[in-house]
Amino acid sequence: VAEGCVQAGCALIGGETAEMPGFYREDEYDLAGFAVGCVERSNILDGSKMRPGDTLIGLASTGLHSNGFSLARKVLLEHAGLKLEDEVPELNGQKLGDVLLTPTRIYVKPVMEVLKKYRESVHGMVHVTGGGFYENLPRMYPHAKEGKKQLCSVIYKNSWDIPPVFAELVHRGADEKNMFSTFNMGIGFVLAVNKKDAEAVLKMFNRNAKKYHKAGIPDMVAYEIGYVGHTDKPLKGEAKGSKQMTVFVD
-4 VAEGCVQAGC ALIGGETAEM PGFYREDEYD LAGFAVGCVE RSNILDGSKM RPGDTLIGLA
56 STGLHSNGFS LARKVLLEHA GLKLEDEVPE LNGQKLGDVL LTPTRIYVKP VMEVLKKYRE
116 SVHGMVHVTG GGFYENLPRM YPHAKEGKKQ LCSVIYKNSW DIPPVFAELV HRGADEKNMF
176 STFNMGIGFV LAVNKKDAEA VLKMFNRNAK KYHKAGIPDM VAYEIGYVGH TDKPLKGEAK
236 GSKQMTVFVD
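Under the working numbering, the first residue of the sequence shown is numbered -4, with each subsequent residue one higher.
Right under this line is the structure:
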């Protein structure tokens, strides 16, 4: 927790212990926390500057991060019968437990460094967490006015390296069609950037990667993963989770 606060530039300012006899079994406990931040209203990225043609830059994740564990446990431990201590060849011989508990990458400092130089060129940002691409990418787009076409994400297939843990999940029985609806699939953070500055932003992320190196996880890589497009027709229903809002192309 302390190391995470250092990486995010946060202060750990409180905490308490609550005892609930009869709720937790012996030797079990639950740890929960939350973060609160503030931003000047003039600096809020609300998506209002988004335009078709903006470039989508994806920042590599380290693996599952903290999402999709219920499905991962069911597929790998219950269905496949693997144990956390098992060394899995398809996971580069690592122990399954070590792979599943690879620390989540914290993007605060590399993203803030880019914003210092290219704030006017960054039009939107979003974490890819639970719900994967389909649930999260739509969150950075403003809702189109009634009858108007909706901005959406057009994603290039195979434009980034997907960590082997996701292929292992499919190999062990996870439904390949639903992977992008559940997991981050190797991209933990996405930025929509003005096309003219996209290459410079991409290079800055990759140039600075070693500066933010953390032991036990690979250095972050930034990829051009697609662009901002718009739906063929006005969007009907909820944007979140809509297959119209996130389209994959070759």
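C-beta atoms are modelled at their ideal positions from N, C-alpha and C, and glycine is treated no differently.
Should residue i be labelled buried (16 or more other beta-carbon atoms within 10 Å of its own) or exposed?
i    : result
K30  : The residue you asked about is not Lys; residue 30 is Ala in the sequence shown. It is exposed - the Cβ of A30 has fewer than 16 other Cβ atoms within 10 Å.
F200 : buried
H74  : exposed
Y102 : buried
Y24  : exposed
D49  : buried
C147 : buried
G4   : exposed
T12  : exposed
G126 : buried
A195 : exposed
Y136 : buried
M15  : exposed
S56  : buried
Would you list the residues sitting across from residue i in a DSSP beta bridge?
i    : result
S148 : V223, T241
E141 : E141 is not bridged to any residue.
H122 : F184
So, helix, strand or coil for residue i, using DSSP?
i     : result
F184  : strand
A217  : strand
G(-1) : helix
M135  : helix
V117  : strand
H166  : helix
L197  : helix
V160  : helix
G127  : helix
S37   : helix
Y207  : helix
R20   : coil
E171  : helix
D25   : coil
K191  : helix
Alpha helix (DSSP H) containing residue i: first to last residue?
i    : result
T177 : 174 to 177
Please confirm whether residue i has its beta-carbon closer than 8 angstroms to some beta-carbon of chain D.
i    : result
M215 : Of the protein chains in the structure, only one exists, and it is not chain D.
Task: Those runs of the beta strand (DSSP E) which lie wholly inside the region 45 to 115 and span at least 3 residues - done: 50 to 55
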